[in-house]
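Read the structure below first, then the notes.
There are 2 protein chains.
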Amino acid sequence: MKQDGKTCPIARAATIIGSRWTAQILRELINNGARRFQELQESLAGIPPNTLSSRLKMLEESGIVKREIYETRPPRAEYELTAKGRKMSAIIAAMRDWGERYG
Amino acid sequence: MKQDGKTCPIARAATIIGSRWTAQILRELINNGARRFQELQESLAGIPPNTLSSRLKMLEESGIVKREIYETRPPRAEYELTAKGRKMSAIIAAMRDWGERYG
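Quick note, the sequences are listed as chains A and B, same order. Letter 1 of the first sequence, counting from 1, is numbered 0 in numbering that gives the first Met the number 0, and no numbers are missing. Letter 50 of the second sequence, counting from 1, is numbered 49 in numbering that gives the first Met the number 0, and no numbers are missing.
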């Protein structure tokens, strides 16, 4: 099977999952639904804020995460998975199973 | 759930899957069994030989891939998955499903 990075579906998923912290951000959103930036940062102990910010931006641009603004006072922004993002939960679950047993 | 990269099983799986080309190398070994270096390079059109070499080394050191030497003349080396490596196929399958539909 000859497939370059552009056409292989596995490579497309790997591009998303592969960046450090991305799988853990997705885990947080799968487990908890909508999350504020600050909440994500607290759950992912050790993530630099700049990294969290750039990962969320990448996930938004990929259509995996959406940012919702709520008109509270002060307004607050929350991140949540899109339908496309929620479908990644099977990948995250398989990664968890493997990591618990063999990682 | 507070978990850093060392204790989170998802992060441990992401460390393996995350490097560019790694998921595709695993796909080749899952689909084809034992593979020679040259065969992997031909299947993964576009992978630089140095990258293939360093990914295989990382996968060997992680206990996912083993290198077998066959006493043919000339001797030949083949790479294949260990039991731990074969258990990653559920992750790769989930990545393929997602990538085909949404990637």
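For every residue, glycine included, the Cβ atom is placed at its ideal position computed from N, Cα and C. It should be emphasised that the depicted structure is a prediction, and the values quoted were computed from it without experimental measurement.
| Item | Value |
| --- | --- |
| Spatial neighbours of B/R35 within its chain, please: C-beta separation below 8 Å, excluding the five flanking residues on both sides. | R75, A76, E77, Y78 |
| Can you give the Cα-Cα distance for B/S21 and B/P73, rounded to whole angstroms? | As written in the sequence, residue 21 of chain B is Thr, which differs from the Ser given in the question. Spanning the two alpha carbons is a distance of roughly 28 Å. |
| Keeping to the same chain, check which residues put their C-beta closer than 7 Å to that of B/R66; ignore five residues upstream and five downstream. | E59, A76, Y78 |
| Taking only runs that begin and end inside the region 34–83 of chain B, name each unbroken alpha helix (DSSP H) of 4 or more residues, in chain order. | 36–42, 48–60 |
| At which residues does the alpha helix (DSSP H) containing A/S88 begin and terminate? | 88–101 |
| A/P48 to A/Q23, Cα distance in whole Å? | 14 Å |
| By Cβ distance below 8 Å, which residues in the same chain neighbour B/S52 in space, the five residues on each side in sequence not counted? | F36 |
| Expressed to the nearest angstrom, what Euclidean distance is found between the alpha-carbon atoms of B/P8 and B/K56? | 22 Å |
| Within 7 Å of any Cβ in chain A, is that where the Cβ of B/Q116 sits? | A query on residue 116 of chain B cannot be resolved here, the shown segment of chain B reaching from 0 to 102 and no further. |
| Enumerate in chain order the residues of its own chain whose CB-to-CB distance from B/Q40 is below 8 Å, with the five nearest sequence positions on each side excluded. | I46, P48, L51 |
| Just to confirm, are B/A12 and A/G102 a CB contact at a threshold of 7 Å? | yes |
| Just the Cα atoms here: how many angstroms apart are B/W97 and A/L25? | 14 Å |
| Contact defined as beta carbons within less than 8 Å: I believe A/V64 pairs with A/L80. What is the distance between those atoms, to the nearest angstrom? | 6 Å |
| Could you give the C-beta distance for B/I16 and B/I90, rounded to a whole number, given that I count them as a contact under 8 Å? | 6 Å |
| Cβ closer than 9 Å: which chain A residues qualify as neighbours of B/K56? | The contacting residues do not exist; B/K56 stays about 18 Å from chain A at best. |
| Determine the closest residue to A/R19 out of A/N31, A/E38, A/R54, with distance taken between C-alpha atoms. | A/R54 |
| Is B/R19 helix, strand or coil when you go by DSSP? | coil |
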